[in-house]
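A.B. asks: The structure that follows is given in the form of structure tokens.
Numbering (full-length UniProt numbering), first residue to last: 1 to 197.
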């Protein structure tokens, strides 16, 4: 007898293909879902790491900004201190000018020349006095001009007057400039070195 298959084989084959297709589709969907979930988890993890790094950097930026604000405050304080140091230095230099001048006068003022007043203004010095002769007055002016501490010697007036017991005197006014403190300190250092030798 003949074997006749009465079952619809095409239908069975179609059903088999359909089941295989559905299984493959299900596996594909599961793999896709796992891939999406894994990607989501991985990207979320990387994003949280990056956010942590950004937070760290922001904390460091905030620290640096606070240091910069402190730095500007320190600069202001430094400028204030430098200004105070300059003022103290100028006061001290002014005091040194008077000392230098008082040390210098005995060296340049000859006998017979007498001072009535000495006026200081910054580096300018004005002297009013009397001399018992014009020769002594000219010696005084010459010694002023030859002094290494003094520049710009000018005599503004010389007037013949009479002193006690009708002695003839020459009243005078002299002005000159003391050299700058840096020059004076350099000269004093040289003199100290020369004295040590």
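We put the CB at the ideal spot given by N, CA and C, even for glycine.
All of these numbers come straight from a predicted model, not from anything done at the bench.
How many Å lie between residue 100 and residue 72 at the Cα?
C.D. replies: As a first step, residue 100 must be located in the chain shown, where it is residue number 100. As a first step, residue 72 must be located in the chain shown, where it is residue number 72. Taking the straight line from one Cα to the other gives about 41 angstroms.
A.B. asks: If I'm right that residue 167 touches residue 132 with Cβ under 8 angstroms, what's the distance once you round it to whole angstroms?
C.D. replies: Here residue 167 refers to the residue found at position 167 of the chain shown. Here residue 132 refers to the residue found at position 132 of the chain shown. 7 angstroms between Cβ atoms; contact.
A.B. asks: Can you list, in chain order, the residues of its chain with a C-beta nearer than 6 angstroms to that of residue 126? Leave out the 5 residues immediately preceding and following it.
C.D. replies: On the chain shown, residue 126 is found 126 positions in, with the first residue counted as 1. Same-chain partners within the cutoff: 119, 175.
A.B. asks: Could you check the C-alpha separation between residue 61 and residue 75 for me, to the nearest Å?
C.D. replies: Residue 61 sits at position 61 when you count from the first residue of the chain shown. Residue 75 sits at position 75 when you count from the first residue of the chain shown. Cα to Cα, the separation comes out at about 21 angstroms.
A.B. asks: Quick check: the region 133-148 against the region 105-115, are at least 3 beta-carbon pairs closer than 8 angstroms?
C.D. replies: These segments touch.
A.B. asks: Beta carbon of residue 151, beta carbon of residue 173: below 7 angstroms?
C.D. replies: The residue you call residue 151 lines up with position 151 of the chain shown. The residue you call residue 173 lines up with position 173 of the chain shown. Not a contact, by the Cβ cut-off of 7 angstroms.
A.B. asks: Please classify residue 179 as buried or exposed, where buried requires at least 16 other C-beta atoms within 10 Å of its C-beta.
C.D. replies: The residue given as residue 179 occupies position 179 in the chain shown. Flag for residue 179 reads buried.
A.B. asks: Are the Cβ atoms of residue 147 and residue 108 separated by less than 7 angstroms?
C.D. replies: Here residue 147 is taken as the residue at index 147 of the chain shown, counted from 1. Here residue 108 is taken as the residue at index 108 of the chain shown, counted from 1. Cβ distance < 7 angstroms, so residue 147 and residue 108 count as in contact.
A.B. asks: If you reduce the DSSP assignment to three classes, tell me which class residue 64 lands in.
C.D. replies: Stepping through the chain shown from its first residue, residue 64 is reached at position 64. Note: residue 64 maps to helix in three-state DSSP.
A.B. asks: Can you check whether the CB of residue 158 is closer than 7 angstroms to the CB of residue 170?
C.D. replies: As a working mapping, residue 170 is identified with position 170 in the chain shown. As a working mapping, residue 158 is identified with position 158 in the chain shown. Yes.
A.B. asks: List the DSSP bridge partners of residue 115.
C.D. replies: Numbered from 1 along the chain shown, position 115 holds the residue referred to as residue 115. In the DSSP output, where bridge partners are listed per residue, residue 115 has 129.
A.B. asks: If you follow the beta strand (DSSP E) that residue 175 is part of, which residue opens it and which one closes it?
C.D. replies: Position 175 of the chain shown, counted from the start, is the residue given in the question as residue 175. Residue 175 -> beta strand (DSSP E) spans 168-178.
A.B. asks: Identify the continuous alpha helix (DSSP H) that holds residue 123 and give its terminal residues.
C.D. replies: Residue numbering aside, residue 123 sits at position 123 when the chain shown is read from its first letter. Premise fails: residue 123 is in no alpha helix (DSSP H) and is neither H nor E.
A.B. asks: Does DSSP put residue 163 in a helix, in a strand, or in coil?
C.D. replies: As a working note, residue 163 is residue 163 in the chain shown. Coil.
A.B. asks: Out of curiosity, what's the CA-to-CA distance linking residue 19 and residue 13?
C.D. replies: Position 19 of the chain shown, counted from the first residue, corresponds to residue 19. Position 13 of the chain shown, counted from the first residue, corresponds to residue 13. Going from the Cα of residue 19 to the Cα of residue 13 covers about 10 angstroms.
A.B. asks: For residue 109, which of helix, strand or coil comes out of DSSP?
C.D. replies: Numbered from 1 along the chain shown, position 109 holds the residue referred to as residue 109. Of the three classes helix, strand and coil, the one that applies to residue 109 here is coil, per DSSP.
A.B. asks: Below 6 angstroms CB to CB, which residues in the same chain sit around residue 130 once its five sequence neighbours on both sides are set aside?
C.D. replies: Against the chain shown, residue 130 aligns to sequence position 130. Excluding positions up to five away in sequence, the list reads 114, 169, 171.
A.B. asks: Relative to the C-alpha of residue 149, which residue among 35, 160, 189 is closest?
C.D. replies: Translated into the one-based positions of the chain shown, residue 149 becomes position 149. Residue 149 has its Cα closest to that of 189, out of 35, 160, 189.
A.B. asks: So, helix, strand or coil for residue 32, using DSSP?
C.D. replies: Here residue 32 corresponds to residue number 32 of the chain shown, with the count starting at 1. In the structure shown, residue 32 sits in a helix (DSSP, three-state: H, G or I).
A.B. asks: Who are the Cβ neighbours of residue 161 in its own chain at under 6 angstroms, not counting the five residues just before and after it?
C.D. replies: The count along the chain shown starts at 1 and reaches residue 161 at position 161. 169, 171.
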